[in-house]
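Below is one structure, written out as structure tokens, with a few remarks after it.
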Amino acid sequence: MKYVFEDGRDFAIKMDSNDSLAHFRDRFYLNEGEIYMDGNSLGLCSKDAEKSLFRVLEEWKTLGINCWTKSEKQLFLYQDYLGELLSPLLNARKDEVTVHANTTINIHTAIGTFYHPTEEKYKILVDDLNFPTDRYAVDGQLKLKGLDPDKCIKIVKSRDGKLINENDFIDAMTSDVFMILLPSVLYRSGQLLNMELITKEAHKRDIIIGWDLCHSIGAVPHDFKKINPDFAIWCNYKYLNGGPGASAGLYINKKHFDKPAGLPGWHGNVKETQFQLNYEFDKASNAGGWQSGTQNILSMAPLEGSLKMYEEAGIKNLREKSLKLTAYLRYLTENKLKKYDFVIGTPYDDEIRGGHLALEHDDAIRINEALKAQKVIPDFRYPNVIRFAPVPLYLRFEDMYELVERIIDIMENKKYELYENKIETIA
Ligand SMILES: Cc1ncc(COP(=O)(O)O)c(C=O)c1O
């Protein structure tokens, strides 16, 4: 057994006192008495993120138009700088990463860039558990090309509605498949896919492959020098704490730098000649070539502070603590919550799980509401999943202990019965 845990609050406190990352918690804005378990949906604001945002705001205030070139980090090139700060989380080259728009738009630009179907090879392979926006974007791109999504999308169905079997996916890589879009971590169950294996198998068959890293970036270290995918997209507002609507991430493998961008725009032009405003587009030969219009600087600025914090903490250390915290929460769930009919929906092994734990329950909607009343911030996902993200930068072992105590109180005293079986707009 890899982890050895003990019962009782004292054990949790002891774990916290031995935690070399514990001090990062003080750099976040946390509400007194609240246990924030929703960092896989919207990460918390840190003082570091606030500071970089305020600095950029000040630069706009004092420099006006000159903020583009005379600011501390030239805002004209800010997306490249943030790409550099992001690149260690992927183990990618600095010039392969940029920050642009949102995840959905980045899927549009990636498909626009890479999808050039022929009569024989035209299908886009997807799974049936990915977040819906990815499918909307795939459908939309196919329709723009005058193609029928029902004919061009090939869906690999999960066997149990929770997990994806990698072999089913590999078997579906037939000669008519042109491209693959898959999530690295499934947003409901938290399963982490074997990206290296799937990418290798896709490339053996001459299939372009891109990954949606929304639920792994900042939670799981990636080795893109080894995995070598064609592209990847992700949001920066979950584990990376970039703030609501933070500009998203885009990785383009260097081998594709000469390809035309799917959604070209003037900020993708070579920087030296961009302001010559020629009608001939001279695309930059780095991921920045996939920029479209003027970048959303104020939606990027918090990321600077936040990513520097990641650099300081180290993604490997964060993963280690996240796995330990999640395993501890699972241990407490197995020992204390099973009698209330909770089922753990997340895979057991470290190698195949991301940064959250999914608890399934027939009364999940009402329990989720009761948790909010107990100052726990969880989130609910249809049909019966409550997700908890033990984020290592700002959560403690004692928080996991206290969370389970609050759930016991809700279940013992049937506090969930006070709520309707209906969710709010944002669950
Ligand atoms: C897997 C996945 N992809 C995409 C998105 C949405 O991305 P965006 O709103 O940045 O377009 C989410 C949001 O939760 C997600 O979980």
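Quick note on my numbering: the sequence shown kicks off at -12 and runs consecutively.
Positions of the beta carbon are idealized from the N, C-alpha and C atoms, including for glycine.
Test item: CB-CB of residue i and residue j under 7 Å
{"i": "Gln66", "j": "Thr85", "result": "yes"}
{"i": "Asp199", "j": "Pro170", "result": "yes"}
{"i": "Leu29", "j": "Tyr226", "result": "no"}
{"i": "Met166", "j": "Tyr238", "result": "no"}
{"i": "Leu417", "j": "Leu72", "result": "Summary: the structure shown does not reach residue 417, with the chain confined to residues -12 through 414, and so no result is reported for it."}
{"i": "Lys38", "j": "Gly292", "result": "yes"}
{"i": "Asp115", "j": "Asp366", "result": "no"}
{"i": "Arg146", "j": "Arg368", "result": "no"}
{"i": "Ile373", "j": "Ala357", "result": "no"}
{"i": "Asn89", "j": "Ala274", "result": "no"}
{"i": "Asn27", "j": "His343", "result": "yes"}
{"i": "Lys362", "j": "Gly20", "result": "yes"}
{"i": "Asn240", "j": "Asp217", "result": "yes"}
{"i": "Leu129", "j": "Pro136", "result": "yes"}
{"i": "Ile364", "j": "Tyr23", "result": "yes"}
{"i": "Leu290", "j": "Ala233", "result": "yes"}
{"i": "Glu347", "j": "Asn371", "result": "yes"}
{"i": "Glu46", "j": "Ser58", "result": "yes"}
Distance, residue j Cα to residue i Cα
{"i": "Tyr(-10)", "j": "Asn256", "result": "51 Å"}
{"i": "Thr308", "j": "Val378", "result": "First, the amino acid is wrong: residue 308 is Lys here, not Thr. Whole-angstrom Cα-Cα distance: 9 Å."}
{"i": "Gly229", "j": "Glu106", "result": "42 Å"}
{"i": "Thr281", "j": "Trp221", "result": "19 Å"}
{"i": "Leu264", "j": "Asp386", "result": "55 Å"}
{"i": "Leu285", "j": "Lys401", "result": "45 Å"}
{"i": "His243", "j": "Asp82", "result": "12 Å"}
{"i": "Asp328", "j": "Ile196", "result": "39 Å"}
{"i": "Glu338", "j": "Leu179", "result": "7 Å"}
{"i": "Trp55", "j": "Ile397", "result": "53 Å"}
{"i": "Asp210", "j": "Tyr403", "result": "43 Å"}
{"i": "Leu44", "j": "Tyr16", "result": "20 Å"}
{"i": "Leu40", "j": "Pro247", "result": "33 Å"}
{"i": "Ala219", "j": "Ser7", "result": "31 Å"}
{"i": "Tyr418", "j": "Leu316", "result": "No answer is possible for residue 418: it lies beyond the span of the chain, which begins at -12 and ends at 414."}
{"i": "Ile151", "j": "Gln61", "result": "43 Å"}
{"i": "Asp(-6)", "j": "Met296", "result": "32 Å"}
{"i": "Phe268", "j": "Gly249", "result": "13 Å"}
{"i": "Lys212", "j": "Ala159", "result": "25 Å"}
{"i": "Gln1", "j": "Lys144", "result": "Just to set this straight, residue 1 is Lys in the shown sequence, not Gln. Their Cα atoms are separated by approximately 44 Å."}
{"i": "Ala206", "j": "Glu399", "result": "33 Å"}
{"i": "Val172", "j": "Lys149", "result": "12 Å"}
{"i": "Glu407", "j": "Pro104", "result": "49 Å"}
{"i": "Asp193", "j": "Ala271", "result": "26 Å"}
{"i": "Lys311", "j": "Arg(-4)", "result": "16 Å"}
{"i": "Ile395", "j": "Lys325", "result": "11 Å"}
{"i": "Ile153", "j": "Phe262", "result": "As written in the sequence, residue 153 is Glu, which differs from the Ile given in the question. About 48 Å."}
{"i": "Asn117", "j": "Asn53", "result": "42 Å"}
{"i": "Glu299", "j": "Asp3", "result": "19 Å"}
{"i": "Glu464", "j": "Ile410", "result": "Nothing in the structure corresponds to residue 464, since the chain is present only between -12 and 414."}
{"i": "Thr425", "j": "Phe(-2)", "result": "Outside the displayed span of the chain (-12 to 414) sits residue 425, for which this structure offers no information."}
{"i": "Phe(-8)", "j": "Thr161", "result": "46 Å"}
{"i": "His202", "j": "Asp245", "result": "29 Å"}
{"i": "Asn283", "j": "Gly276", "result": "16 Å"}
{"i": "Ala314", "j": "His190", "result": "34 Å"}
{"i": "Phe375", "j": "Ala345", "result": "6 Å"}
Presumed contact (8 Å Cβ cut-off) between residue i and residue j, rounded CB distance
{"i": "Leu76", "j": "Ile185", "result": "Going by Cβ atoms, the distance from Leu76 to Ile185 rounds to 20 Å, so no, they are not a contact pair."}
{"i": "Ile111", "j": "Val125", "result": "6 Å"}
{"i": "Glu422", "j": "Ile214", "result": "Nothing about residue 422 can be reported from this structure: the residues present for the chain run from -12 to 414 only."}
{"i": "Asp35", "j": "Arg14", "result": "6 Å"}
{"i": "Gly99", "j": "Gly341", "result": "Not quite, the Cβ-Cβ distance comes to about 28 Å (not below 8 Å), so this is no contact."}
{"i": "Gln278", "j": "Gly252", "result": "7 Å"}
{"i": "Leu64", "j": "Met287", "result": "With 8 Å as the limit, Leu64 and Met287 do not qualify as a contact, their Cβ atoms being about 12 Å apart."}
{"i": "Arg306", "j": "Ala9", "result": "That pair is no contact at about 16 Å."}
{"i": "Leu31", "j": "Tyr381", "result": "6 Å"}
{"i": "Ile140", "j": "Val113", "result": "6 Å"}
{"i": "Asp163", "j": "Tyr109", "result": "6 Å"}
{"i": "Asp447", "j": "Leu50", "result": "Nothing about residue 447 can be reported from this structure: the residues present for the chain run from -12 to 414 only."}
{"i": "Lys303", "j": "Pro208", "result": "6 Å"}
* Asked: Listed by chain order, which residues have C-beta atoms less than 6 Å from any heavy atom of ligand 1?
  -> Taken from the N-terminal end onward, the list reads Asn89, Thr90, Thr91, Phe118, Thr120, Asp121, Pro170, Tyr174, Asp199, Cys201, His202, Cys222 and Ala235.
* To do: Give, in chain order, every unbroken run of the alpha helix (DSSP H) that is at least 4 residues long and sits entirely within the segment 79 to 143.
  => Runs of the alpha helix (DSSP H) inside the segment 79 to 143: 90 to 101, 119 to 131 and 136 to 139.
* Enumerate, from N- to C-terminal direction, the unbroken beta strand (DSSP E) stretches of 3 or more residues contained entirely within the segment 11 to 59. => Counting only runs of 3 or more, we get nothing.
* Taking only runs of the beta strand (DSSP E) that begin and end inside the segment 197 to 229, which ones reach a length of at least 3 residues, in chain order? -> Within the segment 197 to 229, complete beta strand (DSSP E) segments of at least 3 residues are found at 218 to 221, given in chain order.
* Any beta strand (DSSP E) of 3 or more consecutive residues that is wholly inside the segment 354 to 412 -> Entirely contained in the segment 354 to 412, the beta strand (DSSP E) runs reaching 3 residues are, in chain order, 366 to 368 and 372 to 375.
* Minimum length 3: unbroken beta strand (DSSP E) runs contained in the segment 172 to 200 -> Listed in chain order, the complete beta strand (DSSP E) runs (minimum 3 residues) inside the segment 172 to 200 are 195 to 199.
* Asked: Which parts of the segment 290 to 350 are runs of the alpha helix (DSSP H), unbroken and 4 residues or longer, counting only runs that do not cross its ends?
  -> Counting only runs of 4 or more, we get 302 to 319.
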